Amino acid sequence: SQQGEEDPQALSIQEGENATMNCSYKTSINNLQWYRQNSGRGLVHLILIRSNEREKHSGRLRVTLDTSKKSSSLLITASRAADTASYFCATETNTDKLIFGTGTRLQVFP
Amino acid sequence: GAVVSQHPSWVICKSGTSVKIECRSLDFQATTMFWYRQFPKQSLMLMATSNEGSKATYEQGVEKDKFLINHASLTLSTLTVTSAHPEDSSFYICSASDLPGREQFFGPGTRLTVL
Numbered sequence: 591s592q593q594g595e596e597d598p599q600a601l602s603i604q605e606g607e608n609a610t611m612n613c614s615y616k617t618s619i620n621n622l623q624w625y626r627q628n629s630g631r632g633l634v635h636l637i638l639i640r641s642n643e644r645e646k647h648s649g650r651l652r653v654t655l656d657t658s659k660k661s662s663s664l665l666i667t668a669s670r671a672a673d674t675a676s677y678f679c680a681t682e683t684n685t686d687k688l689i690f691g692t693g694t695r696l697q698v699f700p
Numbered sequence: 253g254a255v256v257s258q259h260p261s262w263v264i265c266k267s268g269t270s271v272k273i274e275c276r277s278l279d280f281q282a283t284t285m286f287w288y289r290q291f292p293k294q295s296l297m298l299m300a301t302s303n304e305g306s307k308a309t310y311e312q313g314v315e316k317d318k319f320l321i322n323h324a325s326l327t328l329s330t331l332t333v334t335s336a337h338p339e340d341s342s343f344y345i346c347s348a349s350d351l352p353g354r355e356q357f358f359g360p361g362t363r364l365t366v367l
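For the protein sequence lines, the chains are A and B, in the order given.
Using our numbering, the first residue of the first sequence is number 591, and each one after it goes up by one.
Using our numbering, the first residue of the second sequence is number 253, and each one after it goes up by one.
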């Protein structure tokens, strides 16, 4: 399977703490994207980082990309209870397909 | 941002019946639409890619005769689950893109339960 892997599978933290999720993938990519999914709902696009970029910020989100290690990380700073969701990385290749990672379930306790 | 809708949002059907799910791009023309399936607490798995006016391209292991995809217009793609069985129960999500290589916009998903 080409599916990427994320770790941890599940993460529980207190409000105000930072949450870090990691994603590893297997093939060459054009870009890597992070999505959030609330339980039983659709996907929300968070951020896209291109293969020639190493770091990107958006509000409380910070994404890094290491193409030599085929890995990426998503950092959510100062987490809030509303950040509770599943987070998926997805890699886009030359075929324009998105290959999703296994996901991290984040629980932020008030 | 671009909006993609799905209808219905949930459906319950009896085993052996067929179910049609619609995916619409509301404010842009989608040359390409993608269909994904997501089992509980699992990731999204791409089922097929459809381009307007041509046959869908199915991923390995996806039965094209069971999951019929039609992309007859630039704003509508349909997925028909034929002769549905309980193992087809899943969350089906579509996405749409206006041009190859451009961002995919995701629909809210359709939850299918087959009794």
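We put the CB at the ideal spot given by N, CA and C, even for glycine.
Computed from a predicted model, the values in this text were never measured in an experiment.
Sequence-distant partners of ASN322(B) (beyond 5 residues in either direction) whose C-beta falls short of 6 Å from its own C-beta, in its chain, are THR330.
Using beta-carbon distances, SER325(B) does not count as an interface residue toward chain A, since no partner is under 7 Å. Listed as beta-bridge partners of ASP656(A) by DSSP are SER661(A). Ranked by Cα distance from LEU367(B), the options ALA336(B), GLU355(B), SER295(B), MET285(B) are led by ALA336(B). C-alpha of THR332(B) to C-alpha of SER306(B): approximately 16 Å in a straight line. For LEU688(A), the chain B residues whose C-beta falls within less than 9 Å of its own C-beta are PHE286, TYR288, LEU296, LEU298, SER347, GLN356, listed in chain order.
Under the criterion of beta carbons closer than 8 Å, LEU651(A) and GLU643(A) do not qualify as touching, at roughly 14 Å. For LEU601(A), the enclosing beta strand (DSSP E) covers residues 600-604.
The region 285-296 of chain B makes contact with the region 687-695 of chain A: 3 or more CB pairs, one atom from each, lie closer than 8 Å. Secondary structure note for THR610(A): its beta strand (DSSP E) is the uninterrupted segment 609-614.
The residue among CYS265(B), VAL263(B), CYS275(B), LYS266(B) with its C-alpha nearest the C-alpha of PHE357(B) is CYS275(B). Interface criterion met: the Cβ of PRO360(B) is under 7 Å from a Cβ in chain A. Listed by position along chain A, the residues whose Cβ is nearer than 9 Å to that of THR301(B) are THR685, ASP686, LYS687. Residue burial annotation: VAL698(A) is buried, with at least 16 other C-beta atoms found within 10 angstroms of its C-beta. Look at PRO352(B): its C-beta is under 7 Å from a C-beta on chain A.
Chain B places a beta carbon closer than 7 Å to that of LEU633(A), counting this residue as a contact.
Per the coordinates, the alpha-carbon of PRO360(B) lies some 31 Å from the alpha-carbon of THR657(A). Per the coordinates, the alpha-carbon of ALA672(A) lies some 14 Å from the alpha-carbon of ASN608(A).
Scanning CYS679(A), ARG631(A), LEU638(A), ASN684(A) for the CA closest to the CA of GLN258(B) turns up ARG631(A). PHE678(A) has TYR625(A) as its beta-bridge partners, per DSSP.
Residue burial is scored here from C-beta neighbours: SER618(A) has fewer than 16 other C-beta atoms within 10 angstroms and is therefore classed as exposed. C-alpha of GLU355(B) to C-alpha of GLU605(A): approximately 32 Å in a straight line.
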